[in-house]
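Numbering of the sequence shown is given in the working numbering, commencing with residue 112 and proceeding in unit increments.
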Amino acid sequence: MTEQKTSPEARPAVFVDRDGTVCREVNYLRRVEDLQLIPGAADALRLVREAGYRVVIISNQSGVARGYLTEEMVHRIHGALIGMLTARGAGVDGVYFCPHHVEGNPPYNMDCPCRKPNPGMLHKAEKELGIDLARSVVIGDKYSDVETAHRVGIPGILVLTGYGTKERERILREGLPSPDHIAPDLLAAVRWWLKQHPGTQLTPELPG
Ligand SMILES: [Mg+2]
Ligand SMILES: [Zn+2]
112 MTEQKTSPEA
122 RPAVFVDRDG
132 TVCREVNYLR
142 RVEDLQLIPG
152 AADALRLVRE
162 AGYRVVIISN
172 QSGVARGYLT
182 EEMVHRIHGA
192 LIGMLTARGA
202 GVDGVYFCPH
212 HVEGNPPYNM
222 DCPCRKPNPG
232 MLHKAEKELG
242 IDLARSVVIG
252 DKYSDVETAH
262 RVGIPGILVL
272 TGYGTKERER
282 ILREGLPSPD
292 HIAPDLLAAV
302 RWWLKQHPGT
312 QLTPELPG
């Protein structure tokens, strides 16, 4: 058992993967023009935020290590993504990405504690955003998203968008631990989660 250092105002978060979960999976997204929201994703993020959760995007971007795009390009894509989401009434509290990969180019060639399924991004957000990790959840289209959640002992939901359908097959084939729930997409995942946690007793964020 670990001692949780949570401040009284700490809020749970819905951690969401980016590619294949919030926006369409295009192999190593590197152009803003290719950015396309998955139907219902903005509504999903708006719903959980209205319920008092923080919304945190966590994304592996090994394309940086592999030399496919620069960190600056990742930031530009995230700026555009946040713009698309806020235009649809959905706010995001944090966006974290890991540009590393062991087989990448220097200085990115490292086994990073932030690369999912390592839970580094969850812990970083926990510290920086004041998150009650124990009441949080991770939603993503890959088994590694589910595993990231399980490594800190919280539920992981698999969505069937992006690589989700293939990943569900792989989970069965390889006998991997089951996701806590499997949903057709992010909106369905969020609806299910909010139904399971109707009494989270979250206080709404003060305006301003
Ligand atoms: Mg993904
Ligand atoms: Zn990293």
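Just so you know, even glycine gets a beta-carbon here, dropped at the ideal spot from N, CA and C.
Check	Outcome
With DSSP as the reference, identify every bridge partner of Leu148, one or two as the case may be.	Cys134
I'd like to confirm the pairing. Which residues does DSSP put opposite Asp128 in its beta bridges?	Ile169
Write down every uninterrupted run of the alpha helix (DSSP H) in the region 170 to 236 whose length is 4 residues or greater and which is fully enclosed by it, in chain order.	182 to 198
Measuring alpha carbon to alpha carbon, tell me which residue in Glu285, Trp304, Asp130, Leu283 is nearest His292.	Trp304
Considering only DSSP beta bridges, list what Ala294 is partnered with.	Val270
Where does Gly200 land, buried or exposed, given buried means 16+ other C-beta within 10 angstroms?	exposed
Leaving out the 5 sequence neighbours to the left and right, which residues in its chain are closer than 6 Å to Ala152 when beta-carbon positions are compared?	Val133, Leu297
Here's a check: name, in chain order, each residue in its chain whose Cβ is nearer than 6 Å to the Cβ of Pro230, leaving out the five neighbours to either side.	Thr259, Arg262, Val263
Throw me the rounded Cβ distance for the Gly267 and Pro290 pair, which I believe falls under 8 Å.	5 Å
Hey, how far is the Cα of Ile193 from the Cα of Gly202?	8 Å
Given a threshold of 16 other Cβ atoms within 10 Å of its Cβ, counted over all protein chains shown, does Pro79 qualify as buried or as exposed?	An answer regarding residue 79 cannot be provided, because it is not within the stretch 112 to 319 covered by the chain.
Over the uninterrupted beta strand (DSSP E) stretch that includes Gly251, give me the two end residues.	248 to 251
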